Amino acid sequence: MNLSQEYVKRRKKLLEILSKYRDPELAKKIVEKIHGVAERISEKRILIMSFCGTHEHTVTYYGIRSLMPSKIDLVAGPGCPVCVTPARIIDTSIKLALEEDVIILTYGDMYKVPGSKLSLAQAKGLGARVEVVYGFNDAVKKARERAREDHVFIGVGFETTMPTVASYIYSNRMPDNLYVLPAYRLTPPITKYMLKLKEISINGIILPGHVSTIIGVESWLFLEGIVPSVIAGFEPIDVLMAILMILRQIARGEARVENEYHRVVRFKGNEKARKIISEVFDIVDADWRGIGVVPESGAVFKEKYSKYNALERYDVKVDNAVDIRPGCRCTDVVLGLAKPTDCPLFLKACRPERPYGPCMVSSEGTCHIWAKYGGYIASEKEG
Amino acid sequence: MMADKITLAHGAGGYETSKIIEELITKVFRKKKIWGGIGLEELDDAATIPIGKDRSIAVTVDSYTVKPLFFPGGNIGKLAATGTINDLAVIGAEPIAFMDSIVVEEGFPIDDLRKIIESYEKVLREYDIALIGGDFKVMPKNQVDGIVISSTGIGLLEGNPLLDSNAEPGNHIVVTGPIGDHGAAIIAAQLGINDIEVKSDCKPILPAIREAKRVGGLKVAKDPTRGGLSMALNEIAAKSNVNITVYEEKIPVREETRALAEMTGIDVYSLASEGQAIIIVDEEYSSELVKTLRVNGFPEAEIIGRVVEKSREPRVFLKTVVGGTRLLEVPRGELVPRIC
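In order, the protein sequences belong to chains A and B. Following numbering that gives the first Met the number 0 from start to finish, the first sequence increments by one per residue and tops out at 382. Following numbering that gives the first Met the number 0 from start to finish, the second sequence increments by one per residue and tops out at 339.
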């Protein structure tokens, strides 16, 4: 879909969104109910984690923290693909561009993320050929336009970005001058990992909306009996409803997986996309930036498709990649153990215009969101 | 600390622009005003040179570059003339004469240049402004991107200037109409989105300021150009040392503009307007002002908020549509559409 069509679609949806999912009266009613249910819960502190960076954006952009009872703590989780992509991937891309003279194609969010030393944007200043693309379709188009040049697409993201790549490969439509540097990460395994962390006790999870459209409600059922969880959309009413649904579960002593985003998310998800993903990718243990290796949380091309893997095509090795630079607390922020304001560098040495750590770069990064929309206001009020 | 090289963010009109102007310009020049008028320190939209009791000459200068040169709702010529009028209008002056400097690239179509200059002239004629001189240069191919127009505006100011530092607790904040249309039209054109119905709002806001003067209680006027509503309100808050609260529900935004902003991930409040003004007035005049504006060419004028209190740490708060509170921050970084 091109941008014009996307715009027309967006515009059409907007009226419905404004009247249904941003309705001030409805919001007020839900907030009242949240306060009511929270009072009935005996716990002194209720920690609700929103998995997605986009949920954190909604929380901060609409000032939702300021509407919460004081006992509710809304914490952002690891759902920022760009933040959790290992520095090694960025270092490798830079090396590919500078030493193998390939053209690197990347999402805009990834472009400015610092690797061990440099970002792709800085590497471009050194002569690396780096181009920003809107998605994999765009990457394919660029590769086809320049049939004599080799291109490498940085394959980052969660289950949402995998189907497009998988479908080109599965249907044998990949240009033969385009390779993928795979860094795909899976959301249920990291959620499992988060729940085992001793440092944080999560009372409820707002599950990713877009990811769930692909993997479906059923992929989250392992959370039943463990923690109250709600799949939610990205409008403020969606998030408020999800919070209310989680609180109701807590009040009743339940731990179920509910779907607030039923206008989009199906029980089995997008079965066609899931099938293609499983045809093309193998699940492997994978490292997350700053966090380390999480079991069965990454995806690489199956043996028969390995020729599309840039790491198979080129012999590049990167050693001693540095995920987290001294002083940066991005790991803690991603895991919900720290707020951006707990980091001494926040809005000082690390700003959106000069990011030091990965969480300050992406529009889904918690530090970036707080810096742009003043997320620290609500946390200041807490004391 | 500053980055070592100029980036586009330095020119985006947000945080980085203020920083670099302070570092490289305001700190460097010693003599910054003349005869007690408004000078470089104030960093206001125009400067003044007092020429008698309660009378000043107001001067402003701005360079205009825009891509594409012709956009829905105008072109670079109309934009230059309008922007210069607006910079004088928001300080309270009546524009009287302009000078322009045009730098054009070798190979530029003369027909396009003619259209651009005709648009510039049309705006000046409508407001009875003289073009009293200028400069015209041609640069070799690829040494300038098409055309750059610098426009100097001279105006006459009776009484005190409307400074960004004049806002006081209790004042109401009025906006003359939907914000962000110019920014939305330009971004849509740059991204190749042709199905968008939004046009640049490029037009002089002088009539609105004249109405506000007539109604009375006028404190501050500002056009939310680069950096949009966020930047303009933050500048007023910082220079007046006040906290400001605005209500999202009241801020007029066209549906097309909002859709584009959301699709690209750009905050709608940081999109530029080129034909709207923020007008800050004494509380008791705000309803009358809105009523007058609505029947005088600004049908969508609204009271969007108020100046709350004096503050050592000036901030702009936004009461969101769902009732939450957040900061309306100074836009940071380049306005790049979000991609993934």
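Glycine is no exception: its CB is placed at the ideal position from the N, C-alpha and C atoms. Bear in mind the structure is a predicted one, so any value in this text is a computation, not a measurement.
Residue i, enclosing beta strand (DSSP E) - first and last residue
i	result
residue 149(B)	146-157
residue 104(B)	93-104
residue 242(B)	241-246
residue 304(B)	301-309
residue 130(A)	129-131
residue 325(B)	324-326
residue 281(A)	280-287
Of the listed residues the options, nearest to residue i (C-alpha basis)
i	options	result
residue 133(B)	140(B), 48(B) and 116(B)	116(B)
residue 32(B)	261(B), 311(B), 58(B) and 83(B)	58(B)
residue 240(A)	305(A), 276(A) and 34(A)	34(A)
residue 212(A)	310(A), 368(A), 36(A) and 233(A)	233(A)
residue 80(B)	217(B), 118(B) and 112(B)	118(B)
residue 6(A)	114(B), 24(B), 183(B) and 299(B)	183(B)
residue 20(B)	201(B), 49(B) and 42(B)	42(B)
residue 367(A)	48(A), 79(A), 214(A) and 325(A)	79(A)
residue 371(A)	37(B), 230(B) and 208(B)	230(B)
residue 310(B)	242(B), 56(B) and 50(B)	242(B)
residue 261(B)	53(A), 296(A), 152(A) and 174(A)	53(A)
residue 279(B)	256(B), 130(B), 35(B) and 245(B)	245(B)
residue 48(A)	15(A), 229(A) and 148(A)	229(A)
residue 261(A)	242(A), 237(A) and 326(A)	237(A)
residue 305(A)	364(A), 165(A) and 93(A)	165(A)
residue 136(A)	174(A), 28(A) and 114(A)	174(A)
Short Cβ contact (9 angstroms threshold) for residue i with residue j
i	j	result
residue 53(B)	residue 152(B)	no
residue 212(B)	residue 235(B)	no
residue 185(A)	residue 298(A)	yes
residue 204(B)	residue 154(B)	no
residue 227(A)	residue 265(A)	no
residue 150(B)	residue 65(B)	no
residue 64(A)	residue 96(A)	no
residue 180(A)	residue 154(A)	yes
residue 109(A)	residue 125(A)	no
residue 23(A)	residue 320(B)	yes
residue 217(B)	residue 37(B)	no
residue 358(B)	residue 252(B)	Coverage of chain B is limited to positions 0 through 339, which leaves residue 358(B) absent and any answer about it impossible.
residue 223(B)	residue 275(B)	yes
residue 101(A)	residue 309(A)	yes
residue 150(A)	residue 103(A)	yes
residue 172(B)	residue 304(B)	yes
residue 128(B)	residue 94(B)	yes
residue 2(A)	residue 133(A)	yes
residue 235(A)	residue 9(A)	no
residue 180(B)	residue 200(B)	yes
residue 189(A)	residue 339(A)	no
residue 287(A)	residue 279(A)	no
Start and end residues, alpha helix (DSSP H) containing residue i
i	result
residue 369(A)	365-372
residue 56(A)	52-60
residue 185(B)	180-190
residue 7(A)	2-15
residue 35(A)	23-39
residue 205(B)	205-214
residue 258(B)	254-263
residue 111(B)	109-125
residue 30(B)	Premise fails: residue 30(B) is in no alpha helix (DSSP H) and is neither H nor E.
Chain C contact for residue i (CB, 9 angstroms cutoff)
i	result
residue 344(A)	In the structure shown, chain C does not exist; the protein chains are A and B.
Item to check | Contact residues within the stretch 1-32 of chain B, judged by C-beta distance below 7 angstroms to chain A | outcome: 2, 8, 14 and 15
Next on the checklist: I'd like the ranges of any alpha helix (DSSP H) spanning at least 4 consecutive residues and lying wholly in the stretch 178-266 of chain A.
Outcome noted: 186-195, 208-214 and 235-251
Checklist entry - Which whole runs of the alpha helix (DSSP H) in the stretch 295-358 of chain A are 4 residues long or more, in chain order? => result 309-312 and 329-333
Next on the checklist: Please give the ranges of any beta strand (DSSP E) in the stretch 51-118 of chain A, keeping only runs that are unbroken, at least 3 residues long and fully inside the region.
Outcome noted: For the stretch 51-118 of chain A, the continuous beta strand (DSSP E) assignments of 3+ residues that do not extend past its boundaries occur at 71-78 and 102-105, in sequence order.
Checklist entry - If you measure beta-carbon to beta-carbon, which residues of the stretch 213-226 of chain B are closer than 7 angstroms to chain A? => result Residues passing the 7 angstroms Cβ filter: none.
Item to check | Length at least 4, wholly inside the stretch 140-173 of chain A: the alpha helix (DSSP H) runs in chain order | outcome: 161-169
Item to check | Residues of the stretch 42-75 of chain B whose Cβ lies closer than 8 angstroms to any Cβ of chain A, in chain order | outcome: none
Item to check | Continuous alpha helix (DSSP H) assignments of at least 4 residues falling wholly in the stretch 46-89 of chain B | outcome: Fully enclosed alpha helix (DSSP H) runs of no fewer than 4 residues occupy 75-88 of the stretch 46-89 of chain B, in order along the chain.
Next on the checklist: Give me the subset of the stretch 30-52 of chain A whose CB atoms are less than 9 angstroms from a CB atom of chain B, sorted by chain position.
Outcome noted: Those residues of the stretch 30-52 of chain A that come within reach of chain B (Cβ to Cβ, closer than 9 angstroms) are 30.
Item to check | Cβ-based contacts, 8 angstroms cut-off: residues of the stretch 191-216 of chain B near chain A | outcome: Within the stretch 191-216 of chain B, the residues whose Cβ lies closer than 8 angstroms to some Cβ of chain A are 191, 192, 193, 194 and 195, listed in chain order.
Checklist entry - For the stretch 249-276 of chain B, which residues have a beta carbon sitting closer than 8 angstroms to at least one beta carbon of chain A? => result 254, 255, 257, 258, 259, 261, 262, 264 and 266
Checklist entry - Relative to chain B, which residues along the stretch 77-90 of chain A have a C-beta separation below 9 angstroms, given in chain order? => result 80 and 81
Item to check | Positions along the stretch 303-334 of chain B whose CB lies within less than 7 angstroms of some CB in chain A | outcome: 319, 320, 321, 322, 323, 324, 325, 326, 328, 331 and 332
Checklist entry - Quick one, which residues of the stretch 51-75 of chain A are near chain B if we go by CB-CB under 8 angstroms, in chain order? => result Cβ contacts with chain B: 59, 60, 61, 62, 63, 64, 65 and 66.
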